[in-house]
Amino acid sequence: YEEARSAYLSKELASLLRAGGVLAYELLPALDEVLASDSRFLLGSWLEQARAAAVSEAEADFYEQNSRYQLTLVGARRQHPGLCQQAAGGVGGQLLHPSLAAFP
Numbered sequence: 001y002e003e004a005r006s007a008y009l010s011k012e013l014a015s016l017l018r019a020g021g022v023l024a025y026e027l028l029p030a031l032d033e034v035l036a037s038d039s040r041f042l043l044g045s046w047l048e049q050a051r052a053a054a055v056s057e058a059e060a061d062f063y064e065q066n067s068r069y070q071l072t073l074v075g076a077r078r079q080h081p082g083l084c085q086q087a088a089g090g091v092g093g094q095l096l097h098p099s100l101a102a103f104p
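FYI, UniProt numbering numbers position 45 of the sequence shown as 45, with every residue one higher than the one before it.
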């Protein structure tokens, strides 16, 4: 945090991005734990709500798939990866954390 704050105050963009990335990488597992502690943020609860809004099985399948897309990317063809990542328990540690590890 102090490194990110210092870089921000001194307007050193490269240092800020590096420090911010490390901070986000370190905090993602904790974010997972916090989100998973409330059933409103669990993936299963969110998908159940999406399916419950449908009037047919086909529509329920569509709503569920759409909800899953919103967690990871926008659209089936990955045209905007990462643009629409929602907060749900498990997304930070299981999906984003390994992705961020690829960028030193």
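The beta carbon of each residue, even a glycine, is placed where N, CA and C say it ideally should be.
(request) Check L83 in the structure and name its three-state DSSP category. (result) Translated into positions along the sequence shown, residue 83 becomes position 83. The predicted position of L83 is uncertain, since its pLDDT is 43 and thus under 50; a value taken from the coordinates is nonetheless stated next. Looking at L83 - three-state DSSP - the assignment turns out to be coil, as it is neither helix nor strand.
(message) So the candidates are L23, A7 and R68; which of them puts its Cα closest to the Cα of R51?
(response) Along the sequence shown, one-based indexing puts residue 51 at 51. Nearest option by C-alpha distance: R68.
(message) Give me, in chain order, the residues of the same chain whose beta-carbon lies closer than 7 Å to that of E3; leave out the 5 immediate sequence neighbours on both sides.
(response) In the sequence shown, counting from the first residue as 1, residue 3 sits at position 3. A19.
(request) Would you kindly work out how many angstroms separate the C-alpha atoms of Q49 and A30, rounded to a whole number? (result) Within the sequence shown, residue 49 is the residue found at index 49, counting from 1. Within the sequence shown, residue 30 is the residue found at index 30, counting from 1. Roughly 25 Å between the two C-alpha positions.
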